[in-house]
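Report on one structure; see the data block that follows.
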Amino acid sequence: MLKITEDFLINNYKISDRALEIYRQALSDIEKDLQLYDDVREFNQLKVLKAFQEERISDSHFTNTTGYGLDDIGRDALDRVYARIFKTEAALVRHNFVSGTHAIGAAIIGNVRPKDKILCVSGKPYDTLLGVLGLSEKKNPGSLDEYDIKTDIIDLDHEGHFKFEEIRNALRNEPSYKLIHIQRSTGYASRKSFLVSQIEEVIKVIREVRKDILIFVDNCYGEFIETIEPSEVGADLMAGSLMKNIGGGVAPGGGYIVGKAEYVKQAENRFTVPGVGGEYGATYGLMRSLFQGLFFAPHVSIEAVKTAVFTARVMEIAGFKVFPAAKDKRTDIIQAIEFNDPKKLVNFCSGIQAGSPIDSFAVCEPWAMPGYDCDIVMAAGAFISGSTIELSADGPIRPPYIAYMQGGLNFEHGKIGVLIGLSRTLEE
Ligand SMILES: *Cc1c(COP(=O)(O)O)cnc(C)c1O
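Residues in the sequence shown are numbered consecutively from 8, following my numbering.
Laid out in structure tokens, this is it:
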């Protein structure tokens, strides 16, 4: 770091000497590891580029459509570009998925019928999905359990691995399982995320027993962190959010579903209505942002991973428990830090907030959020409201007081945001 930069940080952000010392140490510790991610990024950028070229994307795909949006060529072409990238038969990429939960919900709800059962094999699903399935404490009218579609959960073992034997037995004993749910990223749970190779392993086990079952993967936060995606190792259907990796920080919102054509079709009919499916839906001039965001996504996702690895290392040096560890192989952009103290958790988040380009002046306070069962503290100073590919940190206010930090549109900003967070955490 230039002396002039250090002075700037000390004078403007009151960074302590101790925090700066940790910062320097962490950067030198992780230098080699970061290079590996550059290699992943290079491959994924090529993959995206080639998909654009093969679909002959041109300026005409960025035009504005209104009304019914029939024959929106940009929208249809983006679906095909996604399908190429994920190596699937079909894709449904829409700005009017209100979030990842909506896309995941449409994918799941569209593909089950009364009396079918769902089996979650990576433990309890992400908080907002509980409301969809009917597993949350507060019932939501219209959740799947009301339609006599029940969900069973197989927890992970103590080391956070799939319980293969239990999964086999469950599938053998219960023929009405129609859909398997696997979540790649940790969510608000203290476990590691699943590498694509681990997802491949569990898919093989499932297929030994049930060739025909629909295997769904919640791919949120995972896109472009490895050189392959779960759809390349046997997942039938996947969904995720454009406010995370794959929107590249440019897409103003939305979600995607990719997978086998028959399953994507069912999801389309849930997303709109049967008979209308994905053929209607104007894009109001948003297509350029969705394309451009996708083009930036391999780059931006790795900037976020670098920020995560850096965070892991600084917090390790500062004496906190982190997962994944700085040295661990990553499959998503999430970094969890265990504070064991509500005040430290809030201080860290407030530092991230203070380092944001947007709303840097806002005070971070724990708050009740729809879809979550306890108060949440959130640091989010983003260009796209709530976007978590932008540097953000949040944590449920419950022991062991873990902050989940993610994003960073560029590593320069990511580092500085985390440095301010670190400095505030070290203060008493
Ligand atoms: C973020 C996330 C979701 C939900 O996405 P939203 O865009 O917040 O609705 C679902 N699953 C996982 C694992 C996530 O990280």
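Cβ atoms here follow ideal geometry from the backbone N, Cα and C, with glycine treated the same way.
Tell me whether residue i is buried or exposed, calling it buried when 16 or more other Cβ atoms sit within 10 Å of its Cβ.
{"i": "Ala-410", "result": "buried"}
{"i": "Cys-381", "result": "exposed"}
{"i": "Ser-308", "result": "buried"}
{"i": "Ile-383", "result": "buried"}
{"i": "His-109", "result": "buried"}
{"i": "Met-322", "result": "buried"}
{"i": "Gln-413", "result": "buried"}
{"i": "Thr-73", "result": "exposed"}
{"i": "Gly-81", "result": "buried"}
{"i": "Arg-31", "result": "exposed"}
I'd like to confirm something about residue i: is its beta-carbon nearer than 6 angstroms to some heavy atom of ligand 1, or not?
{"i": "Gly-255", "result": "no"}
{"i": "Gly-107", "result": "yes"}
{"i": "Cys-127", "result": "no"}
{"i": "Ser-200", "result": "no"}
{"i": "Tyr-228", "result": "yes"}
{"i": "Asp-225", "result": "yes"}
{"i": "Gln-413", "result": "no"}
{"i": "Ser-248", "result": "yes"}
{"i": "Gln-205", "result": "no"}
{"i": "Tyr-446", "result": "One cannot answer for residue 446 here, as it falls past the ends of the chain, which runs 8 to 435."}
{"i": "Ser-143", "result": "no"}
{"i": "Gly-194", "result": "yes"}
{"i": "Gln-342", "result": "no"}
{"i": "Gln-52", "result": "no"}
{"i": "Gln-42", "result": "no"}
{"i": "Gln-190", "result": "yes"}
So for residue i, helix, strand or coil by DSSP?
{"i": "Glu-251", "result": "It should be pointed out that residue 251 corresponds to Lys in this sequence rather than to Glu. Reduced to three states, the DSSP call for Lys-251 is coil."}
{"i": "Leu-221", "result": "strand"}
{"i": "Leu-99", "result": "strand"}
{"i": "Ser-399", "result": "strand"}
{"i": "Val-425", "result": "helix"}
{"i": "Gly-117", "result": "helix"}
{"i": "Lys-10", "result": "helix"}
{"i": "Asp-134", "result": "helix"}
{"i": "Val-329", "result": "strand"}
{"i": "Met-376", "result": "coil"}
{"i": "Leu-202", "result": "coil"}
{"i": "Lys-145", "result": "coil"}
{"i": "Thr-158", "result": "strand"}
{"i": "Asp-382", "result": "strand"}
{"i": "His-168", "result": "coil"}
{"i": "Leu-77", "result": "coil"}
{"i": "Ala-387", "result": "strand"}
{"i": "Gly-266", "result": "strand"}
Between residue i and chain D, is any beta-carbon pair separated by less than 7 angstroms?
{"i": "Thr-108", "result": "No chain D appears in the structure shown, which is made up of a single protein chain."}
Report task. Check whether the segment 119-127 touches the segment 148-163, counting contact only when three or more Cβ pairs, one atom from each stretch, lie closer than 8 angstroms. Result -> yes
Query raised in the report: Can at least three beta-carbon pairs, one atom from the segment 248-256 and one from the segment 99-109, be found at a separation below 8 angstroms?
Result: A contact exists between the segment 248-256 and the segment 99-109.
Query - Contact the segment 229-241 vs the segment 200-209: 3+ CB pairs below 8 angstroms - result: yes
Query - Inter-stretch contact (C-beta, 8 angstroms, three-pair minimum) for the segment 135-152 and the segment 286-306 - result: no
Query raised in the report: Would the segment 397-410 and the segment 342-353 be scored as touching if the rule is three or more Cβ pairs under 8 angstroms?
Result: yes
**Report entry** Sufficient close CB pairs (3 or more, under 8 angstroms) joining the segment 81-91 to the segment 52-63
**Finding:** yes
Query raised in the report: Should the segment 268-288 be called in touch with the segment 17-25, which here means at least 3 C-beta pairs below 8 angstroms?
Result: Segments in contact, no.
**Report entry** Inter-stretch contact (C-beta, 8 angstroms, three-pair minimum) for the segment 325-336 and the segment 369-377
**Finding:** Fewer than three Cβ pairs drawn from the segment 325-336 and the segment 369-377 lie within less than 8 angstroms of each other, which leaves the two stretches out of contact.
Query raised in the report: Is it true that the segment 179-198 meets the segment 206-215, where meeting means three or more beta-carbon pairs spaced less than 8 angstroms apart?
Result: yes
Query raised in the report: Should the segment 267-276 be called in touch with the segment 30-46, which here means at least 3 C-beta pairs below 8 angstroms?
Result: no
**Report entry** Inter-stretch contact at 8 angstroms, needing at least 3 Cβ pairs: the segment 291-300 / the segment 36-50
**Finding:** no
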